[in-house]
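> If you're matching positions, the sequence shown starts at 0 in numbering that gives the first Met the number 0 and goes up one per residue.
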Amino acid sequence: MKVRPEFSIMTTRAQPIDETLWQEFVASVRPRLAAGTKFTERESLASKTTMRVGGPARVYAEPASSEELRQLIVEAKRLALPVLLLGRGSNLVIPDSGVDGLVINFGHANWQKFEPQADGRAWAGAGLRLKNLCGLAIKAGLKGFEFLEGIPGNVGGALRMNAGAMGGWMFDVVDEVHLMTMDGDVRALKKSEMHVAYRHCEELHHAIALGAFLKPAATVESSEIRQQIDTYQKKRVESQPREPSAGCIFKNPTGTSAGRVIDEAGLKGERVGDAEVSTVHANFIVNRGHATSADIIGLVRKIRAQVKSAKGIDLEPEVLLYGQDWRDVL
Ligand SMILES: Cc1cc2nc3c(=O)[nH]c(=O)nc-3n(C[C@H](O)[C@H](O)[C@H](O)COP(=O)(O)OP(=O)(O)OC[C@H]3O[C@@H](n4cnc5c(N)ncnc54)[C@H](O)[C@@H]3O)c2cc1C
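Laid out in structure tokens, this is it:
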């Protein structure tokens, strides 16, 4: 099975990280950070994800600016500490043991801007929720972003995943992405310079998306956009479960949908602990209350084995196992 490691940038280490390195990191970085930057140790991550499972981050930061972000990642790189980005946590399963890394989130308001430009484009910060992007686009009369409305991520996560719905992909509306390399350099890349595919953006495996200039399809009356969004919302409500989940667990295999083959393998309602194959949409695993990440991984294993045996198809996870590689647990 070909599954990419989840670490997007990240100086991965084969050995466990020596605790003294974390202490050195914290002692060196903390005094240099501005008051607006959140910086904590052993921050619980479960509540920062839509699946609501997982342990803490060894170090967690919400930088207030690019300069603050640079300080964090340059120091982490110097000490060879892993860095992970966390968006809205809507495409992740966080291991019960948490992550031995520096987890960065764009929760600060400075990353959540939506700014229509004189040239017709609109700047969207990496921390802007897709839902808010759509709401602000309606107000500005900018059409073309409606398909993003029901995706519960933010702009950074949607760029990294090339999120898509209702026949559209994130990169359909991207003109230029601004990113920061692990050396702390800021670069602007045109869409044509980037390598994107189904749920994949190569450049963001090794860099941090800061935001993007997006290209609306047209300027129209707000009511026209609202109408389209309402249609999409209705479709989602009818076809997706309400319980906590991480969206579609598996990528669609060539020529069919993962939901269909899981359903045909008789797996709707199958459970491991409190993790359940949704009875509404078979490609969703839902948390029925107190699921652990071990429950979810166990259920993923079970589904893959049964679909392989019933259909001869190898399902590949779409959801990321945060800080780990699915190959190590499946
Ligand atoms: C109910 C539900 C419905 C969903 N429907 C859809 C759908 O229709 N279509 C779809 O494509 N997805 C869907 N998803 C999955 C998910 O919402 C998308 O993949 C979304 O784009 C993830 O964004 P996020 O901000 O939550 O990213 P996260 O889940 O937080 O992170 C995803 C990846 O992006 C990386 N990342 C996050 N921010 C950055 C950044 N700034 N720079 C670099 N890397 C970054 C993370 O490190 C991680 O590797 C759904 C999920 C749920 C729960």
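We treat Cβ as the ideally placed atom computed from N, Cα and C, and that holds for glycine.
For Gly-155, tell me which candidate among Lys-267, Gly-126, Thr-180 has the shortest Cα-Cα distance.
The residue labelled residue 155 in the question sits at position 156 within the sequence shown. Per the Cα distances, Gly-126.
> If you check the beta carbons only, do Gly-97 and Gly-53 fall under 8 Å apart?
Taking the first residue of the sequence shown as 1, we reach residue 97 at position 98. Taking the first residue of the sequence shown as 1, we reach residue 53 at position 54. Yes, they are a contact pair.
> Just checking Pro-151 against ligand 1 - is the residue's beta carbon closer than 7 Å to any of the ligand's heavy atoms?
As a position in the sequence shown, residue 151 is number 152, starting the count at 1. Answer for Pro-151: yes, Cβ within range of ligand 1.
> So is Ala-217 buried or exposed if we call it buried at 16+ other beta carbons inside 10 Å?
Here residue 217 corresponds to residue number 218 of the sequence shown, with the count starting at 1. By the neighbour-count definition (other C-beta atoms within 10 Å, threshold 16), Ala-217 is an exposed residue.
> When we look at the beta-carbon of Gly-143 and count the other beta-carbons within 10 Å, is it buried (16 or more) or exposed?
Locating residue 143 in the sequence shown gives position 144, counting from the first residue. Buried: at least 16 other Cβ atoms inside 10 Å.
> Could you pull out every residue in the same chain whose Cβ sits closer than 8 Å to the Cβ of Gln-116, ignoring the five residues on either side in sequence?
Here the question's residue 116 lines up with position 117 in the sequence shown. If we look at Gln-116 and ignore the five residues flanking it on each side, its Cβ neighbours are Trp-122, Phe-212.
> For Tyr-59, does the three-state DSSP call read helix, strand or coil?
In the sequence shown, counting from the first residue as 1, residue 59 sits at position 60. Three-state DSSP puts Tyr-59 in a strand.
> Do you know how far the Cα of Ala-33 is from the Cα of Ala-257?
As a first step, residue 257 is located in the sequence shown; it is residue number 258 there, counting from the start. As a first step, residue 33 is located in the sequence shown; it is residue number 34 there, counting from the start. Taking the straight line from one Cα to the other gives about 46 Å.
> Confirm, please, whether the CB-CB distance from Ser-292 to Pro-94 is below 8 Å.
Start at 1 with the first residue of the sequence shown, and residue 94 comes out as number 95. Start at 1 with the first residue of the sequence shown, and residue 292 comes out as number 293. Yes. Within cutoff.
> Run the proximity test for Ala-164: is its beta-carbon closer than 7 Å to any non-hydrogen atom belonging to ligand 1?
Translated into the one-based positions of the sequence shown, residue 164 becomes position 165. Yes, the beta carbon of Ala-164 sits closer than 7 Å to at least one heavy atom of ligand 1.
> Would you mind stating whether Leu-141 and Pro-215 have Cβ atoms separated by less than 8 Å?
Counting from 1 along the sequence shown, the entry for residue 141 is found at position 142. Counting from 1 along the sequence shown, the entry for residue 215 is found at position 216. Going by C-beta atoms, Leu-141 is nearer than 8 Å to Pro-215.
> Starting from Ser-244, trace the alpha helix (DSSP H) both ways and give me its first and last residue.
By 1-based counting over the sequence shown, the position of residue 244 is 245. Where Ser-244 is concerned, there is no enclosing alpha helix (DSSP H), although the beta strand (DSSP E) it sits in stretches over 244-247.
> May I ask you to report which of helix, strand or coil DSSP gives Met-179?
Locating residue 179 in the sequence shown gives position 180, where the first residue counts as 1. Strand.
> Could you check which residue in Asn-153, Trp-325, Leu-132, Leu-83 has the C-alpha nearest to that of Thr-335?
Shown here, the chain extends from 0 to 329; a query on residue 335 therefore has no answer.
> Ends of the beta strand (DSSP E) at Trp-325?
Within the sequence shown, numbered from 1, the residue matching residue 325 stands at position 326. That residue, Trp-325, is in no beta strand (DSSP E); it is neither H nor E in DSSP.
> When the Cβ atoms of the stretch 299-308 are set against those of the stretch 269-289, are three or more pairs found closer than 8 Å?
Touching, per the Cβ criterion.
> Between Ala-164 and Glu-175, how many whole angstroms is the CB-CB distance? I'm expecting something under 8 Å.
Mapped onto the sequence shown, residue 164 falls at position 165. Mapped onto the sequence shown, residue 175 falls at position 176. Wrong, their Cβ atoms sit about 22 Å apart, outside the cutoff.
> Buried or exposed for Asp-184, please, with buried defined as at least 16 other CB atoms from any protein chain shown within 10 angstroms of its CB.
Residue numbering aside, residue 184 sits at position 185 when the sequence shown is read from its first letter. Under this definition Asp-184 is an exposed residue.
> Looking at the structure shown, is Thr-230 part of a helix, part of a strand, or coil, going by DSSP?
What you label residue 230 is simply residue 231 of the sequence shown in a count that begins at 1. In this structure, Thr-230 counts as helix in the three-state DSSP scheme.
> From the DSSP output, in three-state form, read off Val-172 for me.
Numbered from its first residue, the sequence shown carries residue 172 at position 173. If DSSP states are grouped into helix, strand and coil, Val-172 belongs with coil.
> Between Glu-74 and Arg-57, which are expected to be in contact by the criterion C-beta below 8 Å, what is the C-beta distance as a whole number of angstroms?
Here residue 74 corresponds to residue number 75 of the sequence shown, with the count starting at 1. Here residue 57 corresponds to residue number 58 of the sequence shown, with the count starting at 1. 14 Å between Cβ atoms; not a contact.
> Since Ala-290 and Asp-262 are thought to touch, with beta carbons under 8 Å apart, how far apart are those beta carbons, to the nearest angstrom?
Your numbering for residue 290 matches position 291 in the sequence shown. Your numbering for residue 262 matches position 263 in the sequence shown. About 21 Å; that fails the 8 Å criterion.
> Helix, strand or coil for Glu-42? Go by DSSP, reduced to three states.
Within the sequence shown, numbered from 1, the residue matching residue 42 stands at position 43. Reduced to three states, the DSSP call for Glu-42 is strand.
> Counting C-beta neighbours from all protein chains within 10 Å, is the total for Val-236 16 or more, i.e. buried, or is it exposed?
What you label residue 236 is simply residue 237 of the sequence shown in a count that begins at 1. Counting the other CB atoms within 10 Å of its CB gives Val-236 a total below 16, which places it among the exposed residues.
> Please look up how many angstroms separate the CB atoms of Ile-16 and Asp-99, rounded, as I've assumed it's under 8 Å.
In the sequence shown, residue 16 corresponds to position 17, counting from 1. In the sequence shown, residue 99 corresponds to position 100, counting from 1. Confirmed, about 5 Å.
> When you compare only the Cα positions, how much space is there between Leu-314 and Gln-323?
Translated into the one-based positions of the sequence shown, residue 314 becomes position 315. Translated into the one-based positions of the sequence shown, residue 323 becomes position 324. In a straight line, the C-alpha of Leu-314 is about 18 Å away from that of Gln-323.
> Just tell me which of Ser-191, Asn-251, Val-102 has its CA closest to the CA of Pro-55.
In the sequence shown, residue 55 corresponds to position 56, counting from 1. The residue with the shortest Cα to Cα distance from Pro-55 is Val-102.
> With a CB to CB cut of under 7 Å and the five nearest residues on each side skipped, what residues in its chain are close to Val-219?
For the purposes of this step, residue 219 is identified with residue 220 of the sequence shown, where counting begins at 1. If we look at Val-219 and ignore the five residues flanking it on each side, its Cβ neighbours are Gly-140, Lys-142.
> If the criterion is Cβ atoms closer than 8 Å, does the pair Leu-209 and Ser-65 meet it?
What you label residue 209 is simply residue 210 of the sequence shown in a count that begins at 1. What you label residue 65 is simply residue 66 of the sequence shown in a count that begins at 1. Cβ atoms of Leu-209 and Ser-65: closer than 8 Å.
> Consult DSSP for Gly-258 and reduce its assignment to one of helix, strand or coil.
Position 259 of the sequence shown, counted from the start, is the residue given in the question as residue 258. Gly-258: helix per DSSP, three-state reduction.
> Going by C-alpha to C-alpha distance, which of Lys-47, Ile-248, Ile-207, Ile-228 sits closest to Pro-72?
Sequence index remark: in the sequence shown, residue 72 carries index 73 (1-based). The amino acid at residue 72 is misidentified as Pro; the sequence shows Ile. Comparing Cα positions, the closest option is Ile-207.
> By Cβ distance, which residues of its chain are closer than 7 Å to Leu-78, with the 5 residues on each side in sequence left out?
As a working mapping, residue 78 is identified with position 79 in the sequence shown. Setting aside the 5 residues that flank it on each side, Leu-78 is surrounded in the same chain by Leu-20, Glu-23, Phe-24, each with a C-beta closer than 7 Å to its C-beta; the list follows chain order.
> List, from N- to C-terminal side, the beta strand (DSSP E) runs of 3 residues or more that fit wholly inside the stretch 187-227.
206-213
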